[in-house]
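See structure below.
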Amino acid sequence: MIVMGTYNFEQQKHMKGTDSWKWDKEGKECPYPLGVADTDFLPPPEVTEAVMKKASQGNFAYGVMPQAFYDSVSHWYQKRHGAEIRPDWVTYSPGLIVGIKMLMEAVTHVGDNVIIQSPVYFNFSLIIKRNGRNILENTLLYENGIYRIDFEDLERKAADPRTTMLIFCNPHNPIAHAWSREDVERVAEICNRNHVFVVSDEAHSDILFQGTRHIPFVSLDQKTAENSASINSAGKTFNTNGLYVSYAVIPNRQVRDAFENAYANHHFDFSMIGVPAQIAAYEHGDTYTDELNQYLWGNITWLEEFLKENMPDVKMVKPNATYLMWLDFHGWGMNSEQVDAFFRSAGVALNRGDIYGDAGDGFMRINIACAREVLQAAMESVCGRYRDMFRKDQ
């Protein structure tokens with residue numbers, strides 16, 4: 000029995016026919032789209048009300064960013080993460096990857112090296128290559144179902160004078176892991192010493208389980224704050240990705256000015272509808288976030304038990320954050336392309352592990368941020384195909 004609090008995450012939205020990427024694109028061929036990183040959940044009603052209120056004003060002309068946007072980010076970081084973030088450190092971005100691009104323009108040059116820690120979100124490598132920078136892979140170490148940072152390799156790559164940036168992912172997508180304070184501090188020490196600027200993608204920082212704490216990179220100490228920026232958004236938590244509102248927390252005034260110059264050069268403006276939604280989410284979303292995490296943990300534990308009982312040669316990397324689980328299929332002797340074809344034959348769309356780098360081949364990413372019955376139906380469909388393929392007794 001699923002016990003509900005204030006919010007009912009069992010309530011399914013009917014998103015087909017709403018121009019949803021998940022349901023009208025990914026779900027067109029597969030009835031169970033569990034790939035793209037959206038949730039299937041309604042946001043808190045205050046978020047929808049804020050959008051409706053703004054729309055009802057009938058004014059869609061150029062606007063002025065309200066101070067409440069910056070204040071809401073500062074208050075949220077204090078409330079959720081115990082971090083002191085000054086409102087004047089916060090600057091708007093129309094998307095996280097756009098924000099990373101503008102920071103790249105602000106602190107690096109064409110031909111510089113940028114470090115990523117694969118397997119990692121595939122857009123990191125794309126944005127580096129498209130902007131004429133070189134990718135250096137600090138591949139994570141994987142052993143006995145656990146990932147850790149290869150600090151010796153990071154030290155070597157950071158020491159290269161052509162290396163000017165690390166894109167750090169915390170919590171790390173796709174391995175479902177929030178890095179410990181010790182890990183974050185060690186990354187900061189290496190990068191500070193080698194003058195490597197850190198951009199910390201913290202998009203999944205609200206989705207934490209079993210007492211895990213998120214460590215905002217810019218909150219460590221003054222030296223680290225001057226050599227880093229945190230990129231974030233309410234989108235992953237409150238299912239508002241389509242409103243295109245995110246922000247960068249940049250304590251270093253010189254870097255912040257350069258970021259804002261890059262923003263102006265691209266002639267961006269802010270979302271008149273999206274900004275009120277994010278303010279409402281951060282002002283009213285505390286209980287929602289707590290209950291969301293409880294529901295997601297229930298989905299995770301259900302999936303883990305299901306795999307143990309029905310597909311024991313599939314291993315789930317132990318998660319402590321995000322709703323994107325990382326499944327190890329090496330026991331099948333298949334690569335990600337073959338596993339993907341198998342799942343699609345059962346009507347289930349996941350994300351292939353190899354899109355996150357060569358280190359992700361043989362893995363798949365599954366989004367469990369859906370109603371429990373959807374997850375169950377998807378896995379039962381897969382299990383039927385699994386029994387046929389491996390000739391398991393029913």
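Here numbering that gives the first Met the number 0 is used: position 296 in the sequence shown is 295, and no number is missing along the way.
Every residue, glycine too, gets a C-beta built ideally from N, C-alpha and C.
Predicted, not measured: the structure shown is a model, and the values here were computed from it.
Residue burial classification, residue i (beta-carbon count within 10 angstroms, cutoff 16)
i, result
"residue 0", "Only weak support exists for where residue 0 lies, its pLDDT of 49 falling under 50; the value from the coordinates is given anyway. Classification for residue 0: exposed."
"residue 28", "exposed"
"residue 201", "buried"
"residue 410", "The chain is shown only over 0 to 393; residue 410 falls outside these bounds and no answer can be derived."
"residue 5", "exposed"
"residue 277", "buried"
"residue 353", "buried"
"residue 40", "buried"
"residue 203", "buried"
"residue 218", "buried"
Length of the line joining the Cα atoms of residue i and residue j
i, j, result
"residue 393", "residue 386", "Only weak support exists for where residue 393 lies, its pLDDT of 44 falling under 50; the coordinates are left without a value."
"residue 380", "residue 345", "6 Å"
"residue 308", "residue 342", "18 Å"
"residue 287", "residue 24", "28 Å"
"residue 330", "residue 296", "25 Å"
"residue 189", "residue 103", "19 Å"
"residue 46", "residue 221", "34 Å"
"residue 215", "residue 233", "15 Å"
"residue 113", "residue 134", "5 Å"
"residue 76", "residue 109", "33 Å"
"residue 269", "residue 312", "48 Å"
"residue 10", "residue 161", "51 Å"
Identified DSSP bridge partners for residue i
i, result
"residue 320", "207"
"residue 288", "Looking at the DSSP assignment, residue 288 forms no beta bridge with any residue, so it has no partner."
"residue 35", "DSSP lists no partner for residue 35."
"residue 165", "114 and 197"
"residue 229", "199 and 248"
Residue i, DSSP secondary structure in three states
i, result
"residue 103", "helix"
"residue 136", "strand"
"residue 345", "coil"
"residue 247", "strand"
"residue 238", "coil"
"residue 351", "strand"
"residue 190", "helix"
"residue 392", "Caution applies to residue 392, whose pLDDT of 46 falls short of 50 and renders its modelled position unreliable; the model cannot decide the point."
"residue 331", "helix"
"residue 223", "helix"
"residue 295", "helix"
When the Cβ atoms of the stretch 182-196 are set against those of the stretch 140-154, are three or more pairs found closer than 8 Å? yes
Are three or more beta carbon pairs between the stretch 133-144 and the stretch 106-118 nearer than 8 Å? yes
Would you be able to state if there are at least three C-beta pairs under 8 Å between the stretch 52-63 and the stretch 250-262? Result no; under three Cβ-Cβ pairs closer than 8 Å.
Cβ contact check for the stretch 149-167 and the stretch 331-341: 3 or more pairs under 8 Å: no
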